[in-house]
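With mature numbering (1 follows the signal peptide of the UniProt record, and there is no 0) applied, the sequence shown covers -24 to -1, 1 to 248.
Notes for the one structure printed next.
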Amino acid sequence: MNKTLVVSALSAALLLAGCQSVNTTSGGAVGVERKQYMFSMLSSQEVDQMYAQSYQKTVGEASSKGVLDKTSPEARRVQAIANRLIAQAPNFRPDAAQWQWEVNLIKSDELNANCGPGGKIIFYTGLIDSLKLTDDEIAAVMGHEIAHALREHGREAMSKAYGIEMAKQGAGALLGLGQDSLALADTVANYGMTLPNSRANENEADLIGLELAARAGYNPNAAITLWNKMSKVSEGAPPEFMSTHPASSSRIASLQAAIPKVMPLYEQAPKS
């Protein structure tokens, strides 16, 4: 049998045997209902712990360099926006109320922001200052990033990596290829923590983030102005954020189509 076919067959078998179907979040008003497949031996708690270590290293390095901003008006602004969004996270998954959320602002020209597994948020001043983001636009970025964490897109990517690497190892042993053992954990971490999200995952984060911001009292139309700004800034040398979150006309069209679904939530929400 062709070796490639054997690897493919093993990959499929291992994925089926080792993965379980889960619903990480409720669908919300935006209707994100896709079932996800997670590697059963990779728990949410393990992924959260792995990321927390990486997060604390980043925060510690920023602190030692004197660029961790905890006290400025901009830091208080970011924290206040995060607090309102975090308060709405349990609408999508109740256990998020027990997450150990953290929010940190780093003084850097880097145009980037993220929220890792377990609710670890980092914002860079460059993103806010260069794009002159309003509170509503900051909420759009942060809501999108929080949505990735709520949907456990990192764990989902890592689960796929585990299946692929296990299949390679299994095929190597079966076929007598004599391959050295693969660095599975490093490979999986690379897939889960550093590679771009799929289009499907990006769309889910857009929609859930839109609803989170609306529920928190931030104008959902800011998502459109945000991505228009992103499109313009990416015309030159694309910033770090755009390498994993490419702007596109289809993304903006999808957001525009979803705004009527969340506008009633925004209109009912307290605005401060």
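Even glycine gets a Cβ: it sits at the ideal position worked out from N, Cα and C.
A quick note: this is a predicted structure, and the numbers were derived from the prediction, not measured.
(message) Does the segment 45 to 52 come into contact with the segment 108 to 123, if we say contact requires no fewer than three beta-carbon pairs (one atom in each stretch) closer than 8 angstroms?
(response) no
(request) Report the rounded CA-to-CA distance for residue 90 versus residue 125, giving the unit in angstroms. (result) 9 angstroms
(message) Tell me the DSSP secondary structure of residue -9 in three-state form.
(response) Residue placement at residue -9 is poorly supported in this model, since its pLDDT is 47, which falls under 50; the coordinates still yield a value, given next. If DSSP states are grouped into helix, strand and coil, residue -9 belongs with the helices.
(request) Would you decide whether residue 240 is buried or exposed? Buried here means 16 or more other CB atoms lie within 10 Å of its CB. (result) exposed
(request) Check the DSSP bridge columns for residue 79 and list the partner residues they point to. (result) 97
(message) Helix, strand or coil, according to DSSP, for residue -14 in the structure here?
(response) Below a pLDDT of 50, predicted positions are generally treated as unreliable, and residue -14, at 46, falls in that range; the measurement from the model is reported next regardless. In the structure shown, residue -14 sits in a helix (DSSP, three-state: H, G or I).
(request) Look at residue -3 and residue 21 and say whether their C-beta atoms are less than 9 angstroms apart. (result) No, Cβ-Cβ distance for residue -3 and residue 21 is not below 9 angstroms.
(message) Just list the residues that DSSP pairs residue 44 with in beta bridges.
(response) 82
(request) In the DSSP assignment, find the alpha helix (DSSP H) that holds residue 118 and state where it starts and stops. (result) If you look at residue 118, you'll find it in the alpha helix (DSSP H) that goes 111 to 126.
(request) For residue 13, name the three-state secondary structure that DSSP assigns. (result) strand
(request) Please name the residue, chosen from -5, 73 and 72, that lies closest to residue 249 on a Cα-to-Cα basis. (result) Any property of residue 249 remains undetermined from this structure, which presents the chain solely from -24 to 248.
(request) Can you have a look at residue 58 and say buried or exposed, based on whether 16 or more other CB atoms are within 10 angstroms of its CB? (result) Classification of residue 58: buried, given that the 10 Å Cβ count is 16 or more.
(message) Here's the rule: buried if 16 or more other CB atoms are within 10 angstroms of the residue's CB, otherwise exposed. What is residue 232?
(response) By the neighbour-count criterion, in which a residue is buried when 16 or more other Cβ atoms sit within 10 angstroms of its Cβ, residue 232 is exposed.
(message) For a test of the three-state rule: what should DSSP assign to residue 63, helix, strand or coil?
(response) Here residue 63 sits in coil by DSSP.
(request) Check whether the Cβ atoms of residue 30 and residue 119 lie closer than 9 angstroms to each other. (result) no
(message) Would residue 204 and residue 228 qualify as a contact pair, given that the criterion is a beta-carbon distance under 9 angstroms?
(response) Residue 228 is positioned such that its CB atom lies closer than 9 angstroms to that of residue 204.
(request) Return helix, strand or coil for residue 177, following the three-state DSSP convention. (result) helix
(message) For residue 6, which residues in the same chain have their Cβ closer than 7 angstroms to its Cβ, ignoring the five residues on either side in sequence?
(response) 183, 184, 186, 187, 234, 237 and 238
(message) With DSSP as the reference, identify every bridge partner of residue -4, one or two as the case may be.
(response) Paired residue(s): 13.
(request) Check whether the Cβ atoms of residue 54 and residue 104 sit closer than 9 angstroms, and answer yes or no. (result) yes
(message) Just to confirm my understanding: we take residue 96, look at its own chain, exclude 5 residues before and 5 after, and list those with CB closer than 7 angstroms. What are they?
(response) 27, 28, 31 and 78
(message) Give me the residue from 134, 39, 2 and 189 with the minimum Cα distance to residue 117.
(response) 189
(message) Just to confirm before moving on: does the CB-CB distance between residue 131 and residue 23 stay below 9 angstroms?
(response) yes
(request) To the nearest angstrom, report how far apart residue 134 and residue 177 are at their CA atoms. (result) Across the structure, residue 134 and residue 177 are spaced so that their CA atoms are roughly 14 angstroms apart.
(message) So, under 8 angstroms CB-CB, residue 245 and residue 191 are touching, yes? Tell me the CB distance rounded to an integer number of Å.
(response) 6 angstroms
(message) Relative to the C-alpha of residue 194, which candidate in 179, 247, 225 and 56 has its C-alpha closest?
(response) 247
(request) Tell me whether the beta-carbon of residue 309 lies closer than 9 angstroms to the beta-carbon of residue 1. (result) No information on residue 309 is available, as it lies outside the stretch -24 to 248 that the chain covers here.
(message) I need the DSSP call for residue 92, collapsed to helix, strand or coil.
(response) When secondary structure is reduced to three states using DSSP, residue 92 falls in the strand class.
(request) Identify which residue in 84, 65, 206 and 87 has its Cα closest to the Cα of residue 127. (result) 65
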